[in-house]
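I have placed the structure first, in the form of structure tokens, so that the comments after it can refer back to it.
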Amino acid sequence: MKVIVLGGGVIGVTTAYFLTEAGHEVTVYDRQPGPALETSFANAGEVSPGYASPWAGPGIPVKAVKWLLMKYGPLVVRPAFDPNMWTWLLKMLRNCTAERYALNKSRMVPLAEYSRDTLKALREATGITYDERAKGTLQLFRKQKQLDGTGGDVEVLKKYGVPYEILDRDGCVAAEPALAAVRDKFVGGLRLPGDETGDCKMFTDKLAELCVARGVTFEFGSTIRRIVRNRNRLTNVLTDNGWRTADAFVMAMGSYSAQFMRSLGRPIPVYPVKGYSITVPISNAEAAPVSTVMDETYKVAITRLGDRIRVGGTAEISGYDLRLHESRRRTLEHSVGDLFPGGGDLKAASFWCGLRPMTPDGPPLVGLSEVANLYLNTGHGTLGWTMACGSAKVLADIMSNRVPEINARDLSPERYLKPI
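The end of the sequence shown is residue 472 by the working numbering, with every number in the run present.
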């Protein structure tokens, strides 16, 4: 089958890889001059199945108010006259119950675990390298109340057989020795030893090269101008390089998938939530993290990537605005400087932002859309890197009329075709 993949980030490129492995003829289109130059470019670097959780949960509305008032708060809302923003926020609020949180997390963790295992298998099969480490994630709690509140998440981890460790201060220092210098700033942590880290951009670049060697065509610098639907099928797309047609199409354009789906009269509940990162050169390896530390108070991930520290966080709801705000940089600098003083050269750090494609409930949209030959692979939120390989493999199986190895109905866009 001839397939066009719209989008050349980590989701689009992994989709292309697994589709070509399944025997399909694949072409990828992206407006950027190369792969992974938007949301996949400088994310936090985590492959964290154990940390796969929906943002919508019990108590979040109250916490959100507190976060908005914090000096280094993790949440920013810049209200706009955008009906899509307010519709999305209302749907998210409807998911802020214990029942919905448990259901949504139970849909996310199996995909994230499967994706991590699929990534491992791909790594073994191809020899691909990307500054990867398999040293786990440490969720660090500055307050006892945070540590005491992990019960619900732990129950889900137990249910799905995800290994975990509840650590006191000494245990946290054993996992991340550099924390010994600041042990008075936290009370304990939740460690997920099965989690990994790696450079998403580096991975996507190298996987794109492997795709080309397997026959995938990439048309970079090719903006999608128009998508044409005849009755309930896509017929072709207009790019900067002309009209293109295929038997099937995959929408993997992150937050921009929502705009194109609206143009087809088939809206999807995906909205951009901006995240920021700084990439800090390591100046003292002994004072830097070993793997990923999640600063639970500020919702900041601090990750070791080779000779760099990637610090990512913040949820800014401001539409498709890609402006960099220095206040967000200060939040990231505060977190890493507080926990790993002297580990990196903050003055030499690069500053970046990207738009996370979020669904109101948390799980992504993976599967057939309401258009007969248009498939979705979008809505992964903060977990695009974590879920990329698994989502791509699931979709390739669906498109090849094979039964996926995990429950794909939990990810289907069909769950939004009727009110929750």
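All C-beta atoms in this analysis are idealised placements derived from N, C-alpha and C, irrespective of residue type, glycine included.
Original post:
Does the beta-carbon of Asn196 have 16 or more other beta-carbons within 10 angstroms, so that it is buried, or is it exposed?
Top reply: By one-based count along the sequence shown, residue 196 stands at place 144. Note on identity: in this sequence residue 196 is Gln, with Asn being the wrong assignment. Exposed.
Original post:
By a C-beta neighbour count over all protein chains shown, 10 Å radius and 16 as the cutoff for buried, is Ile218 buried or exposed?
Top reply: Here the question's residue 218 lines up with position 166 in the sequence shown. Ile218 comes out exposed.
Subject >> Distance between beta carbons of Asn288 and Arg296, contact taken as under 8 Å >> reply: For the purposes of this step, residue 296 is identified with residue 244 of the sequence shown, where counting begins at 1. For the purposes of this step, residue 288 is identified with residue 236 of the sequence shown, where counting begins at 1. Confirmed, about 6 Å.
Original post:
How about Tyr323 and Pro409: are their beta carbons less than 9 Å apart?
Top reply: For the purposes of this step, residue 323 is identified with residue 271 of the sequence shown, where counting begins at 1. For the purposes of this step, residue 409 is identified with residue 357 of the sequence shown, where counting begins at 1. The Cβ atoms of Tyr323 and Pro409 sit closer than 9 Å to each other.
Subject >> Pairwise C-alpha distance: Ala304 and Arg194 >> reply: Here residue 194 refers to the residue found at position 142 of the sequence shown. Here residue 304 refers to the residue found at position 252 of the sequence shown. Cα to Cα, the separation comes out at about 37 Å.
Subject >> Straight-line Cα distance separating Lys258 from Pro85 >> reply: For the purposes of this step, residue 85 is taken as the residue at position 33 of the sequence shown. For the purposes of this step, residue 258 is taken as the residue at position 206 of the sequence shown. Rounded to whole angstroms, the separation of the alpha carbons of Lys258 and Pro85 is 15 Å.
Subject >> Neighbourhood of Glu165 by C-beta distance below 7 Å, restricted to the same chain and skipping five residues each side >> reply: Start at 1 with the first residue of the sequence shown, and residue 165 comes out as number 113. Closer than 7 Å at Cβ, skipping near neighbours: Pro101, Tyr212 and Val214.
Original post:
Taking three-plus beta-carbon pairs below 8 Å as touching, is the stretch 98–118 in contact with the stretch 147–166?
Top reply: Judged by Cβ distances under 8 Å, the stretch 98–118 makes contact with the stretch 147–166, as three or more pairs qualify.
Original post:
Which same chain residues, not among the five before or five after Ile472, have their C-beta less than 7 Å away from its C-beta?
Top reply: As a position in the sequence shown, residue 472 is number 420, starting the count at 1. For Ile472, the predicted model reports a pLDDT of 37, less than 50, meaning its position is unreliable and no value from the coordinates is stated.
Subject >> Backbone CA spacing between Ser329 and Ser379 [nearest angstrom] >> reply: Taking the first residue of the sequence shown as 1, we reach residue 329 at position 277. Taking the first residue of the sequence shown as 1, we reach residue 379 at position 327. Rounded to whole angstroms, Ser329 to Ser379 spans 12 Å at the Cα level.
Original post:
Among the residues of its own chain, which have a CB less than 7 Å from the CB of Lys143, if the five just before and after it don't count?
Top reply: Numbered from its first residue, the sequence shown carries residue 143 at position 91. So the list reads Pro321 and Pro412, once near-sequence residues are dropped.
**OP:** Would you give the residue range spanned by the alpha helix (DSSP H) that Trp437 belongs to?
**Re:** What you label residue 437 is simply residue 385 of the sequence shown in a count that begins at 1. Segment Gly436 to Met451, the alpha helix (DSSP H) holding Trp437.
Original post:
For Leu376, which option in Leu199, Leu407, Val225 and Met346 has the closest C-alpha, if you only look at C-alpha atoms?
Top reply: For the purposes of this step, residue 376 is taken as residue 324 along the sequence shown, with counting starting at 1. With distances taken between Cα atoms, Leu376 lies closest to Leu407.
Original post:
Any heavy atom of the ligand FAD closer than 8 Å to the CB of Thr178?
Top reply: What this structure holds is no ligand at all, so the ligand FAD is not there to describe.
**OP:** Could you tell me the distance, in whole angstroms, from the CA atom of Arg362 to the CA atom of Thr430?
**Re:** Within the sequence shown, numbered from 1, the residue matching residue 362 stands at position 310. Within the sequence shown, numbered from 1, the residue matching residue 430 stands at position 378. Their backbone Cα atoms lie some 24 Å apart in a straight line.
Original post:
By Cβ distance, which residues of its chain are closer than 8 Å to Thr269, with the 5 residues on each side in sequence left out?
Top reply: As a working mapping, residue 269 is identified with position 217 in the sequence shown. The residues are Val78, Thr79 and Val80.
Original post:
Does DSSP put Tyr323 in a helix, a strand or coil?
Top reply: In the sequence shown, the residue the question calls residue 323 occupies position 271. Three-state DSSP puts Tyr323 in a strand.
**OP:** Given a cut-off of 9 Å, decide if Leu435 and Met254 are closer than it, judged by their beta-carbon atoms.
**Re:** Numbered from 1 along the sequence shown, position 202 holds the residue referred to as residue 254. Numbered from 1 along the sequence shown, position 383 holds the residue referred to as residue 435. Cβ distance not < 9 Å, so Met254 and Leu435 don't count as in contact.
Original post:
Quick one: Cα of Glu90 to Cα of Arg356, how far?
Top reply: As a first step, residue 90 is located in the sequence shown; it is residue number 38 there, counting from the start. As a first step, residue 356 is located in the sequence shown; it is residue number 304 there, counting from the start. Those two C-alpha atoms are separated by around 21 Å.
**OP:** Go ahead and label Val117 buried or exposed: buried means 16 or more other beta carbons lie within 10 angstroms of its beta carbon, across all protein chains shown.
**Re:** For this step, residue 117 is matched to residue 65 along the sequence shown. Under the 10 Å beta carbon count, Val117 is surrounded by fewer than 16 other beta carbons and is classified as exposed.
Original post:
What did DSSP end up calling Leu190 once you bin it into helix, strand or coil?
Top reply: Stepping through the sequence shown from its first residue, residue 190 is reached at position 138. In the structure shown, Leu190 sits in a strand (DSSP, three-state: E or B).
Subject >> Beta carbon of Leu71 nearer than 9 Å to that of Thr178 >> reply: Position 19 of the sequence shown, counted from the first residue, corresponds to residue 71. Position 126 of the sequence shown, counted from the first residue, corresponds to residue 178. At the C-beta level, Leu71 and Thr178 stay beyond 9 Å of one another.
**OP:** Could you round the C-beta distance between Leu417 and Leu428 to whole angstroms and report it? I think they count as a contact, below 8 Å.
**Re:** For the purposes of this step, residue 417 is taken as residue 365 along the sequence shown, with counting starting at 1. For the purposes of this step, residue 428 is taken as residue 376 along the sequence shown, with counting starting at 1. At roughly 5 Å, the Cβ-Cβ gap stays under 8 Å, so Leu417 and Leu428 are in contact.
Original post:
Any idea what DSSP makes of Cys148, helix, strand or coil?
Top reply: Locating residue 148 in the sequence shown gives position 96, counting from the first residue. In the structure shown, Cys148 sits in coil (DSSP, three-state: anything other than H, G, I, E or B).
**OP:** Following the continuous beta strand (DSSP E) through Phe301, name the residue where it begins and the one where it ends.
**Re:** Position 249 of the sequence shown, counted from the first residue, corresponds to residue 301. Phe301 -> beta strand (DSSP E) spans Ala300 to Met303.
**OP:** Would you mind giving the Cβ-Cβ distance between Pro106 and Asn156, rounded to the nearest angstrom? I have them listed as a contact below 8 Å.
**Re:** Counting from 1 along the sequence shown, the entry for residue 106 is found at position 54. Counting from 1 along the sequence shown, the entry for residue 156 is found at position 104. 4 Å between Cβ atoms; contact.
Subject >> Thr275, buried or exposed, once every other Cβ within 10 Å from all chains shown has been counted against 16 >> reply: Along the sequence shown, one-based indexing puts residue 275 at 223. Counting the other CB atoms within 10 Å of its CB gives Thr275 a total below 16, which places it among the exposed residues.
Subject >> Proximity to Ala94 [Cα-Cα], best of Thr149, Lys237, Ser452 and Gly327 >> reply: Sequence index remark: in the sequence shown, residue 94 carries index 42 (1-based). Looking at the Cα atoms, Gly327 is the closest of the given residues.
Subject >> Contiguous beta strand (DSSP E) assignments of at least 3 residues, all confined to the stretch 99–153 >> reply: 127–129
Subject >> Ala74 to Ala448 span [Cα, whole Å] >> reply: The residue given as residue 74 occupies position 22 in the sequence shown. The residue given as residue 448 occupies position 396 in the sequence shown. C-alpha separation (whole angstroms): 7 Å.
Original post:
What alpha helix (DSSP H) runs, 4 residues minimum, are completely inside the stretch 335–395?
Top reply: Along the length of the stretch 335–395, whole alpha helix (DSSP H) runs at least 4 residues long occupy 378–391, reported in chain order.
**OP:** Let me know the secondary structure DSSP gives Phe70 once reduced to three states.
**Re:** Stepping through the sequence shown from its first residue, residue 70 is reached at position 18. Phe70: helix per DSSP, three-state reduction.
**OP:** Determine the DSSP secondary structure at Gly61, reduced to helix, strand or coil.
**Re:** Taking the first residue of the sequence shown as 1, we reach residue 61 at position 9. DSSP, reduced to helix, strand and coil, places Gly61 outside both helices and strands of the structure shown, so it counts as coil.
Original post:
Between the beta-carbon of Ala302 and the beta-carbon of Thr67, is there less than 9 Å?
Top reply: Within the sequence shown, the letter at position 250 stands for residue 302. Within the sequence shown, the letter at position 15 stands for residue 67. In the sequence under discussion, the amino acid at residue 302 is Val, which differs from the Ala named in the question. Yes, the Cβ-Cβ distance between Val302 and Thr67 is below 9 Å.
Original post:
With a CB to CB cut of under 7 Å and the five nearest residues on each side skipped, what residues in its chain are close to Leu316?
Top reply: Along the sequence shown, one-based indexing puts residue 316 at 264. The residues are Ile279, Arg281 and Val423.
**OP:** Answer with buried or exposed for Tyr216, where buried requires no fewer than 16 other C-beta atoms within 10 angstroms of its C-beta.
**Re:** Here the question's residue 216 lines up with position 164 in the sequence shown. Flag for Tyr216 reads buried.
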